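Residue numbers (the working numbering), protein chains in the order written: chain A, 16 to 356; chain B, 460 to 1036; chain C, 23 to 344.
Notes follow once the structure below has been shown.
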Amino acid sequence: MTETTVVTRSAMVPARGPWRTALADLARDRTAVASLAIFLLIAAICLLAPVYAHDIAHTDPFTSNVSGTTLVNGKTVPVLVPTTTGLGLGVTPIGPTWDIHHYFLGADNQGRDVMARLLYGGRNSLMIGISSALICCVIAALLGMISGYFGGAVDTVLNWFFDVIWAFPVYLLAISLSVVLLTNGLRLGPVSVGAGSLWLPVLIIAAVYVPYVARPVRGQVLALRGREFIHASIGIGGSDARILRRDVLPNVVPTVLVFLPLMTAINMLTESALSFLSVGVQPPNASWGTIINDGLGLLYTRPMVAIAPGFMIVITAVVLNLLGDSVRGALDPKARLRGAG
Amino acid sequence: MKHHRTAAALAGAALLSAIAACGSGGGASGGSSASASGAAGSSAPAAAGYEAAHAGGTLHLVANAAAGTLDPQINYTLQFWQLYQATYDGLLAFQKVNGQASFQVVPDLAAAMPTVTDGGKTYTFKLRSGVEFSNGKPVTTKDVVASFERIFKVSSPTAGTFYNGIVGAGACLKTPATCDLSKGVVADPATDTVVIHLTAPDPEFPYKLAVPHASILPASTPAKDQGTTPIPGTGAYYFASYDPNRALTLKRNPYFKEWSSAAQPQGYPDEITQTFGLTVEDEVTAVENGQADWLFDPPPADRLGEIGTKYASQAHVNTLTAMFYAPMNVNIPPFNNLKAREAVNWAIDRSAMVKIYGGANLASPVCTFLPPGFPGHVDSCDYTAGGGATWSAPDLAKAKQLVKESGTAGQTVGVVVQTDDVNKQLGEYLQSVLNQIGYKAVLKPMSSNIQFTYIQNTSNKVQISISQWYQDYPAASDFLHVLLSCASFHPGSDSSINIAGFCDKGIDAQMDAALKTEQTSVTQANTMWGQIDQAVMKQAPVAPLFTPKLIDFVSSRVGNYEFSKQFYMLVDQLWVK
Amino acid sequence: MTRFVLRRLASTAGVLFTISVLTFLIFFATPGVDPAARIAGRNADPATLAQVRRTFGLDRPLPIRYLLMMDHLLIRHDLTSYVNRGAAVIPQIVQAAPVTLSLVIGAAAIWMLLGVLIGTISAATRGTVADPVMMVAGVVGVSVPTYWLGEVVNLLTQDKWHSGVFSWVPPLGYVSLTANPAQWALHLLFPWLTLAVLYAGIYARVLRGEILEALNEDYVRTARAKGLSERRVLVAHALRCSLIPIVSLFGLDFGALVGGAALLNEVVFGLPGVGLLTYNSLQDLDLPVIMACVLYAAFFVVLANAAVDIVYAAIDPRVRRA
């Protein structure tokens, strides 16, 4: 009896269109709002990295500062402290000072300010995650639509293409491409991407996940293809392009929108894995993955250097996943019936 | 020599390089004269008696990865050369003792040092009798001849550089499959003698006979790379099994009877295993927990502190004559410009690099090509702030000025380094310095397995890189001649050890003169090498960085640690009981 | 049905061939990959280098080299590594496979158990606070970089707390099942848990979604109308149908993992499985081993895909004609 009541009730509310409804649902969902807020907060702080580095911490996070000094509790101390006891081996960077003007989270092996690098790293990680997710989703949507709509030979070839990329173990493909492209950069006709450019990880990660998004889109378009309203459009003489744009695309967009936050999270994690393996973002650029990589060489003495970026990745991925869930819930009419999301 | 791939920095990985044309001391020619290079002819090794109470047990070593083929005539890594000490023997051997005496060559499978005649071109050896391989077969002159021919048949990496002086070697290099050295290595089974004929005198020849590439193997060993199949040897141990993904096992050779404790001493553990696969951090933890006895790879920077304090009694730090340096390609921009190269030398803060490496107790800054304490070394420094004979501080302002004057400011520079932790940190630092003086530096880390050959090949257009060089034995030519002569520069080849591509006819002539002088007066030659060093540094084809020390970290149960300057830690002399 | 199966298998073979060509091309374009100098050793002279090139067939044109490699790998089974010379490639994989299998099967058992439990309980307790808490826990599991988690686990169990709470944790590495089952399990315990954390969350969430959707289906309403208890409805009816998509998801994930997708875990915990083999060969640019590992991994992924498709086709005739 409960379900019927819900249906009746919403049938009595004046229709606002699917997008407005979805947005309203989203606004009402507290998890979604909180997740979005946290994500925007993180993004905002990371975008302010130059301000932090220049005006607050007065440090250049991309220049090594091995022999430098800093102020801790009013005393001048070296940033990399040599061991003086025992055999006197090794040099340890200073730990977190909890002073936002001087090495808040401590220093890394090059004597650089970890907090400043964390913020700059966040900029790069988020940029890479979002751009590659966008590129991936757009290309996957296009290919999925074409493949599902036209069928036949086009579908077979594209499906083959998806199978090959997807069967190639994700990390292997990404590592292989990175190893090859990192030394020489990429040159495709007039387009040239330098070896140290951040576009390389973006493009590689986007390419690797295209089948992940394209297949569901293709499946959905295949199902749509047999529906009456498509037949109707064909019947009245609509061109393929028109049908794709006016009938297929609006149905595909929600699916892709749901993938967007999820892909951002997945791509961020993939980028961090690639940077961990030293085939992602290249020095002196920082990303959360490269800082973890640096931090693993300091795990036994200065664990904060590895823990801070790991923590940031977890939080960002969590809020993105939760946001993705909420978006899916808002866009999927049946979800309202389930009370799920 | 270059070091092995995974053991960045420190010794653990030093590859024995091609021994240069001439060594410093006249060495063992005729086995008579006092040879220099610490091979004090008369110093007897401190031969401690064998302490049977400590024999037994299994020595458990760990290394991050295997080191390639097990074939002693092909493998060129320190990781396995350290184990070959215990498993294979040549006609001669470096003494297996502590300290400076370890540079002295003593008879091994030869009964005595050879008689050298014919102006240094003929070496006559009497084969020791009663020695057996680990398969029970006795060592005969046939095995000696076959082993020398095998060096060429398997295309040993040093076939063309060490052993090309043997009569008949030229033909062997051209057509290895049919190598016939019957004119060069003449065996007389009746008298158990082997006579080696050279085309020209070579004072280095005894040293060349003492390295694993000249091991005497059974004549029945197939003439191709044996890879993971162990070859029987005459040493105190034999290789029982080898799985490059898991472990390498050595067991006591049942047919071994000690004939010379200096050349091939009886070992203590009953079994030695080297396990592969752990990350270096985990290896350190394993040694600390007593789960392993020694790690081959150098400890990561963040463990040095605890090793030096909490585990100080288990850590052994040894001086090496080696250097870390940054070769600059003098044939392509921007470093084809002398001012640019000088700027780099002025700008690098060598004490910062020392810090990155592990602190002043593990490395010292250098400013000359020959490391301090090396024959021929003279204290001088052209690139330190405020002048002086040793390096004290960088001069960034001067470096920036030089870069501006050179007109190369703003150019993109790729810094090629190995991916292991230490080299990567050094590379990041160098990149930062280059950026500060006005370049746009890009760091290109590469797997240690590829980096060394990559930076040698001029087709890769490598502008600057970081590399290491470890000596075989004290010979200034091993540094200067091998690394900076025109003969070592092969454009377009993966094997062009003159990485900087430096070819100066004037300096080449000076080096030839010094090499010639070595045959008569070592001290005079060393003075000449010192002058060549200074002449080279004026041209600054490289930026010498620092000279490293080696750290061996052993578990608490291990005793009797001995360090040979030739092969570093004597593995089979460790006590586990 | 047979035609469908045959078509699927043919397409599998085609995909594998394409991947092998792709791998070969990718690595051939890598600078510094010329193995001749590495094989010949440091400071080898040009004559030695040329000799090595001839012996390894390194001076033949690309397509010939590809065919030679495939011949040695698939027909003669005697392909050897460029780095560990003499070590045949296939035995290396055969030896590494059980390690990866041990890791994956154990982790799979744990994550399926956890996933099904958490997903079911979460669906049953929807509306209460337990539901979102469990879901967030699941999301956190998915969001943690697995290599980072592994390193932290090592730090705690091997170093910081090794003398206290975790003194029973054995050293890193692998002990085979046949040698010592108890040690085998003990050595794999933390790798299992670390790998399972990642997947348990995903499966719990998916299962929960499926169950909730199933709970609105007609047959569930019928069951309720018949008077069955809510718990019985959940477990006996809704859960059963919800497990089908889970099983297909499991098939795909398991296939990928068996092929070596858990390489980061193997690296961090020092397990000599296929993943570590792949990782090492990539670092060394050991082309024969890379080729074999990539084909091995791709084979299982494609096989799993095909198996899932065939099972679905067997169940649902509509799929066969798609």
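We put the beta carbon where it would ideally sit given N, CA and C, even for glycine.
Computed from a predicted model, the values in this text were never measured in an experiment.
Item                                                                                                                            : Value
Paired residues, beta bridge with B/Thr-871 - DSSP                                                                              : B/Lys-899
Where A/Ile-109 falls, given that 16 or more other Cβ within 10 Å makes a residue buried                                        : buried
Amino acids of chain B, ordered along the chain, whose beta-carbon sits closer than 8 Å to that of C/Gly-195                    : Thr-734, Gly-736, Leu-737
Chain C residues whose Cβ lies nearer than 8 Å to that of B/Asn-748                                                             : Gln-180, His-184, Pro-193
Classification of B/Val-921 by the beta-carbon crowding that lies within 10 angstroms, buried from 16 upward                    : buried
Same chain only: Cβ atoms within 8 Å of A/His-73, ignoring 5 sequence neighbours per side                                       : His-116
Under 8 Å from the C-beta of B/Tyr-888: neighbouring residues of chain A                                                        : Ser-79, Val-81, Gln-125
B/Trp-928 in three-state terms, based on DSSP                                                                                   : strand
Within chain B, the residues that C/Pro-120 reaches when beta carbons sit closer than 8 Å                                       : Under the 8 Å cutoff, chain B gives no residues; its nearest Cβ is about 12 Å from C/Pro-120.
CB contact below 8 Å: B/Ala-480 versus chain C                                                                                  : Residue confidence for B/Ala-480 is low, a pLDDT of 28 falling below 50, so the modelled location carries little weight and cannot support an answer.
With 16 other Cβ atoms within 10 Å as the buried cut-off, status of C/Glu-239                                                   : exposed
Cβ neighbours of A/Leu-284 in the same chain (closer than 8 Å, five flanking residues each side left out)                       : Ile-328, Ala-332
Interface partners of B/Val-872 on chain A, CB under 9 Å                                                                        : Within 9 Å Cβ-Cβ: nothing; B/Val-872 doesn't reach chain A, min ~11 Å.
Chain A within 8 Å of C/Leu-304, Cβ atoms only                                                                                  : yes
Any chain C beta carbon closer than 8 Å to B/Ser-488                                                                            : Residue confidence for B/Ser-488 is low, a pLDDT of 30 falling below 50, so the modelled location carries little weight and cannot support an answer.
Cβ-based burial, A/Arg-230 [other Cβ within 10 Å; buried from 16]                                                               : buried
Closer than 8 Å to chain B by CB, A/Thr-270                                                                                     : no
For B/Phe-1001, the first and last residue of its enclosing beta strand (DSSP E)                                                : First, the amino acid is wrong: residue 1001 of chain B is Val here, not Phe. 1001–1012 is the extent of the beta strand (DSSP E) around B/Val-1001.
Beta-carbon proximity of C/Pro-310 to C/Met-23, cut-off 8 Å                                                                     : no
Alpha-carbon to alpha-carbon, B/Asp-647 and B/Glu-717                                                                           : 25 Å
Within 8 Å, strictly: CB atoms of B/Asn-748 and C/Pro-192                                                                       : no
Cα-Cα separation between A/Tyr-164 and B/Leu-885, rounded to whole angstroms                                                    : 55 Å
Supposed contact pair C/Ile-233 and C/Ala-326 - C-beta distance, whole angstroms, cut 8 Å                                       : Actually they are not in contact, since the Cβ atoms of C/Ala-326 and C/Ile-233 sit about 24 Å apart, beyond 8 Å.
Residues bridged to A/Asp-70 [DSSP beta-bridge criterion]                                                                       : A/Asp-70 pairs with nothing; no bridge assigned.
Neighbour flag for A/Val-179 against chain C, beta carbons, 8 Å                                                                 : yes
Closer than 8 Å at the beta carbon, the chain A residues around B/Ser-891                                                       : Phe-77, Thr-78, Ser-79, Gln-125, Pro-299
Bounding residues of the alpha helix (DSSP H) (the contiguous stretch that carries B/Pro-662)                                   : No alpha helix (DSSP H) contains B/Pro-662, which DSSP labels as neither H nor E.
Short Cβ contact (8 Å threshold) for B/Gly-726 with B/Gln-1032                                                                  : yes
The stretch 279–312 of chain C: positions lying closer than 7 Å to chain A by Cβ                                                : Gly-281, Gly-282, Ala-283, Leu-285, Leu-286, Thr-300, Leu-304
Segment contact, 8 Å Cβ cut-off, at least three pairs: the stretch 521–530 of chain B with the stretch 621–631 of chain B       : no
Residues near B/Gln-870 in its chain [Cβ-Cβ closer than 8 Å; skip 5 each side]                                                  : Pro-792, Pro-793, Tyr-898, Lys-899
CA-to-CA distance, C/Glu-173 to C/Thr-188, given in whole angstroms                                                             : Note that residue 188 of chain C corresponds to Phe in the displayed sequence, not to Thr. Computed Cα separation, rounded: 15 Å.
Cβ-Cβ distance between B/Tyr-701 and B/Asn-712 below 8 Å                                                                        : no
Exposure label - C/Leu-136; buried when at least 16 CB within 10 Å                                                              : buried
Chain-order list of residues whose beta-carbon lies under 7 Å from that of B/Pro-853 (same chain, five-residue window excluded) : Trp-805, Ala-806, Ile-807, Asp-808, Ala-844
Proximal residues, the stretch 84–114 of chain A versus chain B, C-beta separation under 8 Å                                    : Leu-95, Pro-97, Thr-98, Thr-100, Gly-101, Leu-102, Gly-103, Leu-104, Gly-105, Val-106, Thr-107
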